[in-house]
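*Asks:* This is the structure, below, for whatever I ask next.
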Ligand code: HEM
Ligand code: FES
């Protein structure tokens, strides 16, 4: 009888130990995961405003947005319009892309007609759509909001939501 | 209660407390190694020595290195290289050592493959070895990031981006690994922690497991012979040393090892003093710049073969990534791809697998060469053919040939 009780006690103690260790271990893992999350300052930083009013056709502007290079190009009449990708500010068409190859993250160069990635030979058209080589997707359009002739990167406006839907 | 008497020597004093005599007997004096081996069996000890050399040179680099994106480049290229006494030497030893250790690893692996040392009880030796390859690769990659030059930065950018291809969690995972949207300070400091503490600790643990895994099955030999260790050890201890098929780890086996090791170290220090350039990419002497990609990005030579398997499918990134996944997983499944599981024999005694072995070695070298060439024009197609050949050799020909061999032997 005493033996039975003792066994039940050890079983209970074992279960309690197991549960505590599992919860504690899980909490520790969560803490370690959190330690590697981007810091709040990193997440909060990064609204970049660009003035497009003075840009001429074919002109290229480059800004840094959340540590990434963003290219803003006012399209010329020779460049094929693309309603699913062009950002229309004040009636003018712009290509606005994070200039990072969707293959493995190199920075493609604008040749005057296309974007060419030196790393593995990927190519993109003037709207940033992949046309040749390993890149699997068009270059990413950063979140933006339109404010007159200003483009606010890092805020999501209705125009961005529309493009995002058309691209997904 | 143990018995402690007045000891007549330091050795005896220690033996009473630590059983040092028994310890030496078990791990060395009566740890039996077959005689029928060659210099290739010394590469295990060469690797252990290289790990020691890397650890010691690394400790001295650590005393001046500064893990901060603003300071890292100059702490390495100015402070360590120009100011610290013999800093340049520690750096060259560390960089050349990191490169040459992979040469030794590949020789060691191909020795194991050639003599069939990965099966019939030796699977765990091989699998812990595969873990060492993985951890050494992680160590090499994280270390390459620390000088924060252009290659450090862009290699980190490209490799962390690979995780973005994992379905659903990929993009978030990339940001998590980097601690930012791009590779920057948080990334450098965490890879620094991995490089100088976390991964070396793991390596030491796995190294212990690797050597322990050798004890039960014992080291293989040139003919794959199944040796009766107890009988041969008895013969040796009875004094019939020349007819016994085994020798003790210490002093006999180590005497051979130390000779091969000495030759290897002469070669190593020749590289350190006269040919260190191959381990120091000139592009990495330009400080990291996140806004400018170098025209041609390539990893260190020891990653080239798997990088080329990735690039080989130049027309489809997902196929390339799948092949790359297989290339990295392949060491772990390798013992099970040889379907003739119970027959240990060197390749020259295997009628079909010998062709497989040389073809495999040839394709691995080919992939390494083409991994360094720009991926344009005909090179892209050569890379494609090599990648497909690699996959075919590993996933189809190896199981097929070994199955046929087994059938023939038994039938
Ligand atoms: C990276 C550091 C490594 C160290 C320090 C190391 C160390 C050793 C040592 C000391 C031995 C015994 C002596 C010898 O046969 O050479 C050995 C044997 C062995 N290792 Fe490793 N090893 C390493 C990596 C690897 C890798 C990457 C593999 C393969 C994936 C591997 C597979 C084997 C096999 C199969 C044996 C048994 C050889 C036989 O039985 O003949 N090792 N290792
Ligand atoms: S990174 Fe641009 S093609 Fe590979």
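Protein chains in written order, with the working numbering: chain E, 1 to 168; chain B, 1 to 411. Ideal Cβ placement from N, Cα and C applies to all residues, glycine included.
1. Report the neighbours of residue 36 of chain E on chain B: residues whose CB is nearer than 7 Å to its CB, in chain order.
2. Measuring straight from C-alpha to C-alpha, what distance separates residue 255 of chain B and residue 12 of chain E?
3. Can you find at least 3 beta carbon pairs, one from the segment 213-221 of chain B and one from the segment 114-127 of chain B, that sit closer than 8 Å?
4. Scan the segment 108-123 of chain E for residues whose Cβ lies nearer than 7 Å to a Cβ of chain B and list them as they occur along the chain.
5. For residue 271 of chain B, which of B/128, B/11, B/99 has the nearest alpha-carbon?
6. Would you report the Cα separation of residue 185 of chain B and residue 68 of chain B, rounded to the nearest angstrom?
7. Closer than 7 Å, CB to CB, is residue 293 of chain B near chain E or not?
8. Examine the Cβ distances between the segment 63-81 of chain B and the segment 136-144 of chain B and report whether three or more of them are shorter than 8 Å.
9. Can we say the segment 74-82 of chain E touches the segment 98-112 of chain E, given the rule of at least three CB pairs closer than 8 Å?
10. Just checking residue 134 of chain E against the ligand FES - is the residue's beta carbon closer than 6 Å to any of the ligand's heavy atoms?
11. Could you give the DSSP three-state label for residue 222 of chain B: helix, strand or coil?
12. Between which two residues does the alpha helix (DSSP H) holding residue 154 of chain B run?
13. Am I right that residue 105 of chain E and residue 161 of chain B are in contact with their C-beta atoms under 8 Å? What's the rounded C-beta distance?
14. What three-state label does DSSP hand residue 123 of chain E in the structure shown?
15. Any C-beta of chain E sitting closer than 7 Å to the C-beta of residue 150 of chain B?
16. If we call anything under 7 Å between Cβ atoms a contact, is residue 250 of chain B one with residue 40 of chain B?
17. Along chain E, which residues have their Cβ under 8 Å away from the Cβ of residue 320 of chain B?
18. Would DSSP call residue 315 of chain B helix, strand or coil?
19. Mind pulling the alpha helix (DSSP H) runs of 4 or more residues that sit fully within the segment 276-356 of chain B?
20. How long is the line joining the alpha carbons of residue 283 of chain B and residue 150 of chain B, rounded to whole angstroms?
21. For the ligand FES, is there a heavy atom less than 6 Å away from the beta-carbon of residue 210 of chain B?
22. Check for me: the alpha helix (DSSP H) holding residue 113 of chain E runs from which residue to which?
23. Pull up the CB-CB distance for residue 180 of chain B and residue 25 of chain E, whole angstroms please, since I reckon it's below 8 Å.
24. I want to see whether chain B comes within less than 7 Å of residue 42 of chain E, judged by CB atoms only; does it?
25. Roughly how many angstroms lie between the CA atoms of residue 83 of chain B and residue 160 of chain E, to the nearest whole one?
26. What do you reckon, is the C-beta of residue 103 of chain B under 6 Å from a heavy atom of the ligand FES?
27. Is residue 368 of chain B close to chain E? Criterion is C-beta to C-beta, closer than 7 Å.
28. Given this structure, state the Cα-to-Cα distance separating residue 188 of chain B from residue 37 of chain E, to the nearest angstrom.
29. Below 6 Å, is the gap between the Cβ of residue 122 of chain E and the nearest heavy atom of the ligand FES?
30. Say the cut is 6 Å; is the CB of residue 103 of chain E nearer than that to a heavy atom of the ligand FES?
31. Does the beta-carbon distance from residue 233 of chain B to residue 32 of chain B come in below 7 Å?
32. On the three-state DSSP scale, how would you describe residue 17 of chain B?
33. What does a CB cutoff of less than 7 Å around residue 135 of chain B pick up in its chain, not counting 5 residues either side in sequence?
34. Since residue 243 of chain B is in the alpha helix (DSSP H), which residue starts that stretch and which ends it?
35. Counting contacts by CB-CB distance shorter than 7 Å, is residue 324 of chain B in contact with chain E?
36. Of the residues that make up the segment 277-304 of chain B, which ones have a beta carbon closer than 9 Å to any beta carbon in chain E?
*Replies:* From the atom records:
1. Reading the first chain from its first residue, position 36 is the one you call residue 36 of chain E. Within chain B, the residues whose beta carbon sits less than 7 Å from that of residue 36 of chain E are 176, 179, 190, listed in sequence order.
2. As a working mapping, residue 255 of chain B is identified with position 255 in the second chain. As a working mapping, residue 12 of chain E is identified with position 12 in the first chain. Approximately 57 Å, taken between the alpha carbons.
3. yes
4. 118, 119, 120, 121
5. Looking up residue 271 of chain B in the second chain gives position 271. It is B/99 whose Cα lies nearest to the Cα of residue 271 of chain B.
6. Locating residue 185 of chain B in the second chain gives position 185, where the first residue counts as 1. Locating residue 68 of chain B in the second chain gives position 68, where the first residue counts as 1. Distance between the alpha carbons of residue 185 of chain B and residue 68 of chain B is about 6 Å.
7. The residue labelled residue 293 of chain B in the question sits at position 293 within the second chain. So, interface residue.
8. Result no; under three Cβ-Cβ pairs closer than 8 Å.
9. no
10. For the purposes of this step, residue 134 of chain E is identified with residue 134 of the first chain, where counting begins at 1. Residue 134 of chain E: yes, Cβ under 6 Å from the ligand FES.
11. Taking the first residue of the second chain as 1, we reach residue 222 of chain B at position 222. Correct three-state label for residue 222 of chain B: coil.
12. The residue labelled residue 154 of chain B in the question sits at position 154 within the second chain. Where residue 154 of chain B is concerned, the enclosing alpha helix (DSSP H) stretches over 150-162.
13. Here residue 105 of chain E is taken as the residue at index 105 of the first chain, counted from 1. Here residue 161 of chain B is taken as the residue at index 161 of the second chain, counted from 1. About 4 Å; that satisfies the 8 Å criterion.
14. What you label residue 123 of chain E is simply residue 123 of the first chain in a count that begins at 1. Note: residue 123 of chain E maps to strand in three-state DSSP.
15. Here the question's residue 150 of chain B lines up with position 150 in the second chain. Not closer than 7 Å to any Cβ of chain E, the Cβ of residue 150 of chain B fails to qualify, so no.
16. In the second chain, counting from the first residue as 1, residue 250 of chain B sits at position 250. In the second chain, counting from the first residue as 1, residue 40 of chain B sits at position 40. No.
17. Against the second chain, residue 320 of chain B aligns to sequence position 320. Residues of chain E passing the Cβ test: 134.
18. Translated into positions along the second chain, residue 315 of chain B becomes position 315. Reduced to three states, the DSSP call for residue 315 of chain B is coil.
19. 304-312, 317-337
20. Taking the first residue of the second chain as 1, we reach residue 283 of chain B at position 283. Taking the first residue of the second chain as 1, we reach residue 150 of chain B at position 150. Those two C-alpha atoms are separated by around 6 Å.
21. The residue given as residue 210 of chain B occupies position 210 in the second chain. For the ligand FES, not one heavy atom lies less than 6 Å from the Cβ of residue 210 of chain B.
22. Residue 113 of chain E sits at position 113 when you count from the first residue of the first chain. Looking at the DSSP string, residue 113 of chain E is not in any alpha helix (DSSP H), and its letter there is neither H nor E.
23. For the purposes of this step, residue 180 of chain B is identified with residue 180 of the second chain, where counting begins at 1. For the purposes of this step, residue 25 of chain E is identified with residue 25 of the first chain, where counting begins at 1. Not a contact, Cβ separation roughly 28 Å.
24. What you label residue 42 of chain E is simply residue 42 of the first chain in a count that begins at 1. Closer than 7 Å: yes.
25. The count along the second chain starts at 1 and reaches residue 83 of chain B at position 83. The count along the first chain starts at 1 and reaches residue 160 of chain E at position 160. Between residue 83 of chain B and residue 160 of chain E, the C-alpha separation is close to 53 Å.
26. Position 103 of the second chain holds residue 103 of chain B. Answer for residue 103 of chain B: no, Cβ out of range of the ligand FES.
27. Stepping through the second chain from its first residue, residue 368 of chain B is reached at position 368. Not an interface residue.
28. The residue labelled residue 188 of chain B in the question sits at position 188 within the second chain. The residue labelled residue 37 of chain E in the question sits at position 37 within the first chain. Cα to Cα, residue 188 of chain B sits roughly 14 Å from residue 37 of chain E.
29. Position 122 of the first chain holds residue 122 of chain E. True, at least one ligand heavy atom lies under 6 Å from that Cβ.
30. Taking the first chain and counting its residues from 1, the one referred to as residue 103 of chain E is at position 103. Yes, the beta carbon of residue 103 of chain E sits closer than 6 Å to at least one heavy atom of the ligand FES.
31. Counting from 1 along the second chain, the entry for residue 233 of chain B is found at position 233. Counting from 1 along the second chain, the entry for residue 32 of chain B is found at position 32. Their beta carbons are under 7 Å apart, which means residue 233 of chain B touches residue 32 of chain B by this criterion.
32. Taking the second chain and counting its residues from 1, one reaches residue 17 of chain B at position 17. DSSP places residue 17 of chain B in helix when its eight states are reduced to three.
33. The sequence position of residue 135 of chain B within the second chain is 135, counting from 1. Only 199, 202, 203, 206 meet the Cβ criterion.
34. Counting from 1 along the second chain, the entry for residue 243 of chain B is found at position 243. Taken as a continuous stretch (DSSP letters only), residue 243 of chain B belongs to no alpha helix (DSSP H), as it is neither H nor E.
35. The residue labelled residue 324 of chain B in the question sits at position 324 within the second chain. No - not a single Cβ of chain E is within 7 Å of the one on residue 324 of chain B.
36. 290, 291, 292, 293, 294, 295, 296, 297
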